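Engineer: In this note's numbering, the protein residues as written are 369 to 874. From the three backbone atoms N, C-alpha and C, an ideal C-beta is built for every residue, glycine too. Just so we're clear, the structure is a prediction, and the values are computed from it rather than from any experiment.
(1) With which residues is residue 679 paired in a DSSP beta bridge?
(2) I'd like to know whether the C-beta atoms of residue 788 and residue 799 end up nearer to each other than 9 Å.
(3) What three-state label does DSSP hand residue 835 in the structure shown?
(4) State the DSSP-derived secondary structure class of residue 380, mapped to helix, strand or coil.
(5) In the DSSP assignment, find the unbroken alpha helix (DSSP H) run with residue 644 in it and report its ends.
(6) Opposite residue 731 in the DSSP bridges: which residues?
(7) Measuring straight from C-alpha to C-alpha, what distance separates residue 817 and residue 623?
(8) Where does residue 829 sit, in a helix, a strand or coil, going by DSSP?
(9) Would you mind sorting residue 401 into buried or exposed? The rule is 16 or more other CB atoms within 10 Å of its CB.
(10) Grab the span of the alpha helix (DSSP H) containing residue 743 for me, first residue to last.
(11) Can you give me the C-alpha to C-alpha distance between residue 744 and residue 503, rounded to a whole angstrom?
(12) For residue 842, which residues does DSSP report across the bridge?
(13) Buried or exposed for residue 369, please, with buried defined as at least 16 other CB atoms from any protein chain shown within 10 angstroms of its CB.
(14) Look at the alpha carbon of residue 810 and the alpha carbon of residue 724, and state the distance between them as a whole number of angstroms.
(15) What's the C-alpha gap between residue 871 and residue 833?
(16) Taking the alpha-carbon positions, what's the residue 608 to residue 680 distance?
(17) In three-state DSSP terms, what is residue 393?
(18) Give the single residue among 419, 684, 390, 452 whose Cα lies nearest to the Cα of residue 406.
(19) To which residues of the same chain is residue 601 closer than 6 Å at the C-beta, ignoring the five residues directly before and after it?
(20) Can you check the stretch 552 to 621 for any alpha helix (DSSP H) of at least 4 residues that lies completely inside it and give the ranges in chain order?
(21) With DSSP as the reference, label residue 370 as helix, strand or coil.
(22) With DSSP collapsed to three states, give me the class of residue 763.
(23) Does the stretch 444 to 460 come into contact with the stretch 682 to 698, if we say contact requires no fewer than three beta-carbon pairs (one atom in each stretch) closer than 8 Å?
(24) Measure the CB-CB distance between residue 552 and residue 765 and report whether it falls below 9 Å.
(25) Thinking residue 523 and residue 482 are a contact (beta carbons under 8 Å), I'd like their distance in whole angstroms, please.
(26) Tell me the DSSP secondary structure of residue 696 in three-state form.
(27) Excluding the 5 residues flanking residue 367 on each side, which residues of the same chain have their C-beta closer than 8 Å to its C-beta?
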């Protein structure tokens, strides 16, 4: 009886074939203006990985099982994404998101235009969970208003993206934030909490920078026509417009503070939005079903207002869920055939410190976005490659997810040929290369992450301990992680502290 062929690791060329397929298709998509989404290129890359695995002695059953297992581990994240769609739909219908924009527009004055734009875009980005929507609504309005004041368009675009990307990154409604947490297999709010250590200081410095420009730059004349038109269109579309409609946002904060699990937390906030829609906008029970399934629709006669209001619902999240499902499955197959070990095994084995690990993760995320042209792949690929290494070093999984976003989400608008960079450039009417120098938050965030980690700061360990900005070890709560992975990380952390590699709490 002939023995079954024993699987072997692919050589470096074989391991590169799936990446070459993916990279080639994405580059052709950009250069030839195919206008295709990343779903099919990723699926074809997964097929290429299966063929490479088969050639190296793997069987299709084990590769399929690896892909399915990878997807199943992220199933909670897919549910969260669906329910986030429900939440956005209910918040649009009840008037919470429109009220944020309506009252935020009242803050604009010529003297503080740039910092106000940055701050308002961050607030609305936090409430929407989408830098794309902020760019397509407030971004367009602010570009027009700012240019009537004689402000450099590239500077306005930088303020818009600095705020919008920060809000998107912190929002529990954001698809990229949920995807990062899911890919690293950590808790959503654990991930958001970790990002405050690096992104919040970057955002504060950005606000200071824009304030300095506003103070020392020349102020132009203010034309309120577009702002008033947008505000009037929003107010006229709702039966009731009052600061009371902002109360559901406090429920989001309460859910985060109480560390409620993400699924029931998002469902609770969605229900609050539905109740507010019934009480203040006269919605029926049937309307509530419609809003959580299909989202909110409006025809105000104002194009910007319509773009802002027509969104939400479970259906709106299916695009993101589909690409995440395919990409995470691809990551599982790619890991199963040993391609990651073949390509990076020797390099990863040379990574022995938290600083080296964080630096490697950030650079990998940047590389993935620059080569694969998609921010989602910039989150998924580093997670598949490095999550076990974080366990080996006794580090927390939310340090992985934070590093992925530090190098991925915030840098994607600054890659001219990426889908994200092309989108924002088109919406704002400014070339990517022109606005890059003024994306203060996006530039500073990875720098702060790398520099503070180099001196021992902002490091999160598996047992919940962490070092603050200045490197002092503090006690905290462990972040969510798969049980087996957490046990492995805890054992490794104990050993590393025992031999003096890491310091212990006094």
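Structural biologist: On the basis of the coordinates in this document:
(1) Numbered from 1 along the chain shown, position 311 holds the residue referred to as residue 679. Answer is 664, bridged to residue 679.
(2) As a first step, residue 788 must be located in the chain shown, where it is residue number 420. As a first step, residue 799 must be located in the chain shown, where it is residue number 431. Against a cut-off of 9 Å, the Cβ pair of residue 799 and residue 788 comes out as no contact.
(3) Indexing the chain shown from 1 puts residue 835 at position 467. In the three-state reduction of the DSSP assignment, residue 835 falls in the strand class, which pools E and B.
(4) Residue numbering aside, residue 380 sits at position 12 when the chain shown is read from its first letter. In this structure, residue 380 counts as helix in the three-state DSSP scheme.
(5) As a first step, residue 644 is located in the chain shown; it is residue number 276 there, counting from the start. 630 to 649 is the span of the alpha helix (DSSP H), which, as asked, contains residue 644.
(6) Here residue 731 is taken as the residue at index 363 of the chain shown, counted from 1. Residue 731 is not bridged to any residue.
(7) Counting from one through the chain shown, the residue named residue 817 turns up at place 449. Counting from one through the chain shown, the residue named residue 623 turns up at place 255. Separation of residue 817 and residue 623 (C-alpha to C-alpha, rounded to the nearest whole angstrom) is 27 Å.
(8) Here residue 829 is taken as the residue at index 461 of the chain shown, counted from 1. Looking at residue 829 - three-state DSSP - the assignment turns out to be strand.
(9) Here the question's residue 401 lines up with position 33 in the chain shown. Residue 401 should be labelled exposed.
(10) On the chain shown, position 375 is the one that residue 743 refers to. Per DSSP, residue 743 belongs to the alpha helix (DSSP H) from 743 to 760.
(11) Counted from its first residue, the chain shown places residue 744 at position 376. Counted from its first residue, the chain shown places residue 503 at position 135. Taking the straight line from one Cα to the other gives about 18 Å.
(12) Your numbering for residue 842 matches position 474 in the chain shown. Answer is 834, bridged to residue 842.
(13) Residue 369 sits at position 1 when you count from the first residue of the chain shown. Only weak support exists for where residue 369 lies, its pLDDT of 42 falling under 50; the coordinates are left without a value.
(14) Taking the first residue of the chain shown as 1, we reach residue 810 at position 442. Taking the first residue of the chain shown as 1, we reach residue 724 at position 356. Straight across, the Cα-Cα distance linking residue 810 with residue 724 is about 21 Å.
(15) Here residue 871 corresponds to residue number 503 of the chain shown, with the count starting at 1. Here residue 833 corresponds to residue number 465 of the chain shown, with the count starting at 1. The alpha-carbon separation between residue 871 and residue 833 amounts to approximately 11 Å.
(16) Position 240 of the chain shown, counting from 1, holds the residue named residue 608. Position 312 of the chain shown, counting from 1, holds the residue named residue 680. Looking at the two C-alpha atoms, the distance is approximately 20 Å.
(17) As a first step, residue 393 is located in the chain shown; it is residue number 25 there, counting from the start. Looking at residue 393 - three-state DSSP - the assignment turns out to be helix.
(18) The residue labelled residue 406 in the question sits at position 38 within the chain shown. Looking at the Cα atoms, 390 is the closest of the given residues.
(19) As a position in the chain shown, residue 601 is number 233, starting the count at 1. Hits under 6 Å: 668, 670, 673.
(20) Qualifying alpha helix (DSSP H) stretches, in chain order: 556 to 563, 567 to 584, 593 to 604.
(21) The residue labelled residue 370 in the question sits at position 2 within the chain shown. Note that residue 370 has pLDDT 48, beneath the 50 cutoff, so the model's placement of it is unreliable and the number below is only indicative. DSSP places residue 370 in the coil class of the three-state scheme, outside both helix and strand.
(22) Mapped onto the chain shown, residue 763 falls at position 395. Strand at residue 763.
(23) By the C-beta criterion, the stretch 444 to 460 is judged to be in contact with the stretch 682 to 698, since at least 3 inter-stretch pairs fall below 8 Å.
(24) Within the chain shown, numbered from 1, the residue matching residue 552 stands at position 184. Within the chain shown, numbered from 1, the residue matching residue 765 stands at position 397. In this structure, residue 765 lies closer than 9 Å to residue 552 by Cβ.
(25) The residue labelled residue 523 in the question sits at position 155 within the chain shown. The residue labelled residue 482 in the question sits at position 114 within the chain shown. Yes, residue 523 and residue 482 are in contact; Cβ-Cβ is about 7 Å, under 8 Å.
(26) Numbered from 1 along the chain shown, position 328 holds the residue referred to as residue 696. In the structure shown, residue 696 falls within a helical segment according to DSSP collapsed to helix, strand and coil.
(27) This structure cannot speak to residue 367, because the chain is shown only from 369 to 874.
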